[in-house]
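Asker: So for the sequence shown, full-length UniProt numbering puts the first residue at 1; every next one is plus one.
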Amino acid sequence: MLSVRNLQVRYGRSVAALHGVDIDVPADGVLAVLGSNGAGKSTLLRAVSGTLRLHRGSVVAGSVEFDGRRIDRADPAAIVRLGVVGVPEGRQVFARMTVEENLRAGGIGARDATRRAAARARVHELFPVLAERAKQRAGLLSGGEQQMLAIGRALMSGPRLLLLDEPSLGLAPKVVARIGEIIREIHAQGTAVVLVEQNAVMALRVAEHAAVLEVGRVALRGTAAELAASDDVQRLYLGGH
Ligand code: ATP
Numbered sequence: 001m002l003s004v005r006n007l008q009v010r011y012g013r014s015v016a017a018l019h020g021v022d023i024d025v026p027a028d029g030v031l032a033v034l035g036s037n038g039a040g041k042s043t044l045l046r047a048v049s050g051t052l053r054l055h056r057g058s059v060v061a062g063s064v065e066f067d068g069r070r071i072d073r074a075d076p077a078a079i080v081r082l083g084v085v086g087v088p089e090g091r092q093v094f095a096r097m098t099v100e101e102n103l104r105a106g107g108i109g110a111r112d113a114t115r116r117a118a119a120r121a122r123v124h125e126l127f128p129v130l131a132e133r134a135k136q137r138a139g140l141l142s143g144g145e146q147q148m149l150a151i152g153r154a155l156m157s158g159p160r161l162l163l164l165d166e167p168s169l170g171l172a173p174k175v176v177a178r179i180g181e182i183i184r185e186i187h188a189q190g191t192a193v194v195l196v197e198q199n200a201v202m203a204l205r206v207a208e209h210a211a212v213l214e215v216g217r218v219a220l221r222g223t224a225a226e227l228a229a230s231d232d233v234q235r236l237y238l239g240g241h
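#1: Using a strict less-than 5 Å threshold between each residue's beta carbon and the heavy atoms of ligand 1, what residues do you get?
#2: Under three-state DSSP, which class holds S58?
#3: Please classify H209 as buried or exposed, where buried requires at least 16 neighbouring CB atoms within 10 angstroms.
#4: Please report the residue range of the beta strand (DSSP E) in which V9 lies.
#5: If you run the structure through DSSP and keep just helix, strand and coil, what is residue 280?
#6: May I have the straight-line CA-CA distance separating V218 from L161, to the nearest angstrom?
#7: Is it true that the CB of V99 sits closer than 8 Å to the CB of Q147?
#8: Which residue wins for smallest C-alpha separation from A118, given the options R96, S157, A229 and N6?
#9: Whose C-alpha, out of A177, G83 and R221, is nearest the C-alpha of L155?
#10: Is DSSP giving V196 helix, strand or coil here?
#11: Looking at the strands, I want to know which residues DSSP matches up with V175.
#12: Considering only C-alpha positions, which residue in the set A39, S3, Y11 and A225 is nearest to V196?
#13: Below 8 Å between beta carbons: does that hold for S3 and D24?
#14: Which residue wins for smallest C-alpha separation from G62, given the options S49, R46, R5 and G29?
#15: V99 lies in the beta strand (DSSP E); which residues open and close that run?
#16: Where do the ends of the beta strand (DSSP E) carrying E214 lie?
#17: In chain order, which continuous runs of the beta strand (DSSP E) of length 3 or greater are located wholly inside the region 67–99?
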């Protein structure tokens, strides 16, 4: 469904963030992308969502195809309309707007009112807390609830591929586990997911396939089970020896 080939990204002259990355996400699959700070994980998601062009001086080479269609020159809104929706790092909900208004903002691109209503029902079912707090300002939610709202808002446009940038960042272990369950549920409902994570334990539990980025290159790839068993992943990302 998503096929990234020889993706190279620079920020200006001096910073080369990706050096020729190949990534595939099958329809309905979950791909975890692991790697330490600065490995290029967010850059990969920005290239797929088209938001890289919002970063001044960025230069992209290689190709990104979604459903056989080149999207590496498409603008972010067109990519959302094709069904590829990102949840950026740091949640970025509209703090002064209510939960309901945040969800509505995510649904603006949905084709008609019936689909919007179905998307909202799905979001409320996945995240009952968002129904309970519909009238509350998003800025007053806990960190975990804000992450749920950010994911819920992305689901409002009925994506076929969801791009999640470190959804576990800064959250307590129990909340991280809950977010992991929700990602599995979203996947079970037929949405493919790219899950960028520093939390390898959670990501490898949720994903079927995984890739490890190291300084802009794919250093390892395989099934989540293969990577969880790999000595390098154990040592570097799972706290083993
Ligand atoms: P993190 O978890 O810290 O976000 P990451 O794996 O997502 O790390 P990226 O944010 O993609 O990594 O960064 C990859 C490289 O590109 C790093 O060297 C980073 O400093 C650089 N970089 C990222 N964004 C920009 C930008 N807007 N301008 C210049 N350099 C950037």
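Yeah, the Cβ is synthetic: ideal placement off N, Cα and C, and Gly gets one too. Here the structure is a predicted model, which means the values were calculated and not measured.
Answerer: So, to answer that:
#1: Y11, V15, A17, N37, G38, A39, G40, K41, S42, T43 and H55
#2: Start at 1 with the first residue of the sequence shown, and residue 58 comes out as number 58. Strand at S58.
#3: Here residue 209 is taken as the residue at index 209 of the sequence shown, counted from 1. It counts as buried.
#4: Position 9 of the sequence shown, counted from the first residue, corresponds to residue 9. Per DSSP, V9 belongs to the beta strand (DSSP E) from L2 to Y11.
#5: Since the displayed the chain opens at 1 and closes at 241, residue 280 lies outside it and no answer follows.
#6: Mapped onto the sequence shown, residue 218 falls at position 218. Mapped onto the sequence shown, residue 161 falls at position 161. For V218 and L161, the distance between alpha carbons rounds to 21 Å.
#7: Position 147 of the sequence shown, counted from the start, is the residue given in the question as residue 147. Position 99 of the sequence shown, counted from the start, is the residue given in the question as residue 99. Annotated as distal: Q147 and V99, with beta-carbon spacing of 8 Å or more.
#8: Here residue 118 is taken as the residue at index 118 of the sequence shown, counted from 1. Of the candidates R96, S157, A229 and N6, the one whose C-alpha sits nearest the C-alpha of A118 is S157.
#9: The residue labelled residue 155 in the question sits at position 155 within the sequence shown. Of A177, G83 and R221, the residue nearest in Cα terms is G83.
#10: On the sequence shown, residue 196 is found 196 positions in, with the first residue counted as 1. The answer is strand: DSSP assigns V196 an E or B state.
#11: In the sequence shown, the residue the question calls residue 175 occupies position 175. V175 pairs with nothing; no bridge assigned.
#12: On the sequence shown, residue 196 is found 196 positions in, with the first residue counted as 1. The residue with the shortest Cα to Cα distance from V196 is A39.
#13: If you number the sequence shown from 1, residue 3 lands on position 3. If you number the sequence shown from 1, residue 24 lands on position 24. In contact: S3 and D24 (Cβ atoms closer than 8 Å).
#14: Counted from its first residue, the sequence shown places residue 62 at position 62. Nearest of S49, R46, R5 and G29 to G62, Cα basis: R5.
#15: To locate residue 99, count along the sequence shown from 1; it is residue 99. Where V99 is concerned, there is no enclosing beta strand (DSSP E), although the alpha helix (DSSP H) it sits in stretches over V99 to G106.
#16: Residue numbering aside, residue 214 sits at position 214 when the sequence shown is read from its first letter. Residues H209 to E214.
#17: 84–87
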